[in-house]
Every structure is written in C-alpha cells, then in structure tokens.
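Numbers 0 to 398, taken from numbering that gives the first Met the number 0, label the letters of the sequence shown in order.
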Amino acid sequence: MTDSFADLAGRAARVLPGGVTHAARAYSPPLYVARSEGSHKWLVDGSVLVDYTMGHGALLLGHAHPAVVAAVREQVGRGTHHGANHPLEVQWAEQIVAMVDSVDEVRFTASGTEAAMLALRVARAATGRDVVVKFDGHFHGWSDAVSVNLVDGEPCTATGVPAAQLETTTVLRAGDVEGLRAMLDTGRVAAVVFEGSGAHYGREPLPQGFATTLRAECDRAGALLIIDEVVTGFRVATGGMQSLLGIRPDLSMFGKVMAGGLPGGGLGGRRDLMELLASTIEHPGTFNANPLTASAGIATLVICASGAPQDAAAETAAQLEAGWRDVLQRHGVGGAVWRLVSIIHMRLDDPAAHAALAGRMREEGVDLLHTSAFVSAVHTEDDVAASVAALERALRPSP
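What follows is the structure, encoded as structure tokens:
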C-alpha cells in the first residue's frame, strides 16, 4: 500500500463505516481515484487503471464524455436546484418516452433504489393488493421491501429488515413457474418484479422464455409486471432489456445510464398507472429531476438514441470476452467467461482463485466490478490487449 493510500485509508476508517461509502468498494488494499477520463482512471499515487467498473455500470459513454461535461458545466452556471419545474425535466422525460416503447410517462427519482420503492407503491395502489413477488438474487436496491432472498432454500430478510417483511414480499427462484402460478392464484399479488438480465445484471442469466411466461402469468392473474432496467436500460439496447426480450412491462425502473453518471433514477410505464402519481399517490423528493442531473441525462441519452454507443461497446466486449476465454483455455484454468451485450462476467471454478481475481487484476492495471466488466463505447483495442495480458499475469502463481 502506498503512503497516499495508507493515509487516506486511515482517515476514512475514522469517519466512514468500514472506511467506505459502498460495500463493493471495500478493497484490500484500498483504492483511491484522483480523476477519470475515457476508459481509464488515475489513482492518487499516479498509477493508471483500465476501468471496467464504469461508475457501477452508469457510464456507457465513458468517463468525462465531452458532451456530458459541457452540458453539466453550462447548467452549473444556471443553477443546480431551482425548486421549481424547469424545461430540462420535460426534455429528459420526452427522450426516455421516445426510446422505450412501454413508457408513456416518467416520474424521476434520486436513485434506482427510489425508483424501485416507487414502482411497488404504484403497483399496490393500482391493484389494491399487498404482496410483491421477486426472484432470488435479483437486486432492486436496498429498501426493505426487496431486501429478501433465499438462504439454504428458505426466504430470509437482510440484516435490519423485519421478518414481517416476508408477509408482503415473496421470493422465488427464477424459472419456478409452478411456484409463481401458485402465488398468483392467491389473488394477493400486486406485482412481479425482476431483472430482465437475470440476477446480478446477468451473472445468473434468466431462464429462456421466462420473461414471456411472466408477462402471460401476470396478465392472467391481474398482477403488474415490473422490469428492473436500472443497469440494462439504454445500455444493452436503445429500448432496454425489454426490447431484447420482446415483452412490454407495465412499469420500468431506470437509473445509471439514464442519469449520465450523476445521481438519478426514474419510473416509467403505462399512462393510467403513472397518472396515479398525479392524483392518489404522494411522491416528494428534493432532488427529483434536478437540473444538473437532467442536463447530464439528456446529453447522454441523445447520443445513445442512435444505438451507436451500444453497438461499439458490444463489439469491444465481444473481443474482450474472446480474449479472456482464450486465456483460461490456454492456461487450463477451470471457469467461464460470458457476456450480455456489453457486460462481461467471469467465474473461476477454484473458489480461492475466484475470490482473489479482482484484486490480482487491479494489481495488473485493470479494475473490475467484482469479476464483471462494464465495457463502454470508448474502450479501445489497446484496452482489450492490455486487459487480456493482465489476466495472463493475474493467473500466474504467486512467487
């Protein structure tokens, strides 16, 4: 650990729980970034990493994209919070509606977690029912209502979440059609919520055809279908994961790419459902659609609307996927590399080697999110070559 890292880590430990602001950043040794641009980030000690965390998936256009920087810089001088309606919120919503077929109206939030909270409230208000069905491992933020998964096959709430939450949140395994039908047949289910990519943005892919089954079963039972597009929205396609699955959800949760790398989220869906927010559902939020985030969101989505950034990222990701898979095969390392458009996942069969992989890759100049890579539209062939070489070195036995 360098002196600059050690000093910051010591200071952080005194004022931040665990020394971090997000559990996924609890690296050992710790990592502190001074600046980011394009596909790279520069650490406080002067070293440089090829970055595949990309703002936890928020930066399809890469760090500090000139159009986004210009839009935010211009808006800062005009005000960061008007405490009133403003033209940018209208333009931002219009852009989303134009890109996602299932969305008639949008209500903005300050994060993807808030978008999930709002989606469940709208679903319950619309149906008059209380129960929500989610799937094991599918992540929808950290609110109580969705902080439920299966442990050893049994539903369990996260630490600090009352066990009573299980009375209104049912968790099933993805692909369990019989369990889904049995739950829907109770007539108590307001909504079924799922990651269209499968759990953890595709680390556990959705069973083939399951999304279509969800749509049909929700229609049969009068429950709403909610898709979580916080990670996949505008990244995997201009119309999101739902366009690749060929389904039309009732409500869609957004975040990350839609906000251009600034804090923000949103809920979009059918007009009759969204109009409940204009009548019976109260939804405040100091930073909803704040002008600064709106400016970044618009600048990003206008560029993404052509589909060119998604195509560029996917093409580069395909090269990286092939390169990493080749490394595993040549070294005789058990594991797998797979891809969802521009999101790559890697798994090593040896648990210890897998647990150490992200740290070893950072040592070799490549930053992953766990063992996944969010490839951007600005990653280059040189980045791919460097990242393949980094995996070669990372897999060598330690001296």
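Ideal Cβ positions, reconstructed from N, Cα and C, are used throughout, including at glycine.
Have a look at residue 45 and residue 345 and give me their C-alpha separation to the nearest angstrom.
28 Å
If distances are taken between C-alpha atoms only, which option among 167, 127, 152 comes closest to residue 145?
167
Would you mind sorting residue 65 into buried or exposed? The rule is 16 or more other CB atoms within 10 Å of its CB.
exposed
Whether or not the stretch 276 to 286 and the stretch 301 to 309 are in contact is what I'm after, with contact meaning three or more pairs of Cβ atoms, one per stretch, closer than 8 Å; do they touch?
no
Between which two residues does the beta strand (DSSP E) holding residue 112 run?
That residue, residue 112, is in no beta strand (DSSP E); its alpha helix (DSSP H) goes 111 to 126.
Where are the beta strand (DSSP E) runs, 3 residues long or more, that stay fully inside the stretch 142 to 173, in chain order?
147 to 150, 153 to 156, 168 to 171
Apart from the five residues on each side of it in sequence, which residues of its chain come closer than 8 Å, Cβ to Cβ, to residue 182?
130, 132, 169, 171, 188
For the structure I just gave you, are there three or more beta carbon pairs, one from the stretch 121 to 129 and one from the stretch 214 to 225, closer than 8 Å?
yes
Can you tell me which of the three DSSP states residue 138 falls into?
coil
Going by other Cβ atoms of all chains shown within 10 Å of its Cβ, with 16 needed for buried, is residue 361 buried or exposed?
buried
Using 8 Å as the Cβ pair cut-off and three pairs as the minimum, do the stretch 82 to 97 and the stretch 52 to 64 touch?
no
If you count every other CB in all the chains shown that lies within 10 Å of the CB of residue 320, and 16 or more means buried, which is it?
buried
Distance CB(residue 235)-CB(residue 383) smaller than 8 Å
no
Euclidean distance between Cα positions of residue 294 and residue 202
32 Å
Going by Cα to Cα distance, which pick from 227, 10, 247, 264 is closest to residue 212?
247
8 Å Cβ cutoff met for residue 100 and residue 264
no
Compare the Cα-Cα distances from residue 74 to each of 16, 297, 149 and report the closest residue.
297
Mapping the DSSP letters down to three states, classify residue 4 as helix, strand or coil.
helix
Report, in whole angstroms, the separation of the C-beta atoms of residue 98 and residue 304, which I expect to be a contact under 8 Å.
6 Å
For residue 392: DSSP bridge partner residues
Residue 392 pairs with nothing; no bridge assigned.
Residue span of the beta strand (DSSP E) that contains residue 252, given as start and end:
250 to 254
Which full runs of the alpha helix (DSSP H) of 4+ residues lie inside the stretch 14 to 86, going along the chain?
53 to 56, 65 to 75
Spatial neighbours of residue 35 within its chain, please: C-beta separation below 8 Å, excluding the five flanking residues on both sides.
41, 50, 62, 63
As assigned by DSSP and simplified to three states, the class of residue 235:
coil
Burial state of residue 299 (16 or more Cβ within 10 Å):
buried
When the Cα of residue 165 is compared with those of 153, 176, 174, which residue comes out closest?
153
Can you check DSSP and say which residues form a bridge with residue 108?
264
Do residue 349 and residue 333 count as a contact pair if the criterion is CB distance below 8 Å?
yes
Step through the CB atoms of chain C and report whether any lies within less than 8 Å of the CB of residue 384.
Reference to chain C is not applicable here, since this structure consists of a single protein chain.
From residue 72 to residue 289, what does the alpha carbon distance come to, in whole angstroms?
14 Å
Can you give me the Cβ contacts of residue 389 inside the same chain, cut-off strictly under 7 Å, excluding the 5 residues immediately before and after it?
360, 363, 364, 365
To the nearest angstrom, how far is the alpha carbon of residue 370 from that of residue 83?
42 Å
Alpha helix (DSSP H) segments (min. 4 residues) lying fully within the stretch 299 to 340:
307 to 330
How about residue 229 and residue 197: are their beta carbons less than 8 Å apart?
no
Using alpha carbons as the reference points, say which of 343, 195, 314, 273 lies closest to residue 120.
273
Taking residue 411 and residue 190 to be in contact with their CB atoms under 8 Å, please state how far apart those CB atoms are, rounded to whole angstroms.
As shown, the chain starts at 0 and ends at 398. That puts residue 411 outside it, with no answer to give.
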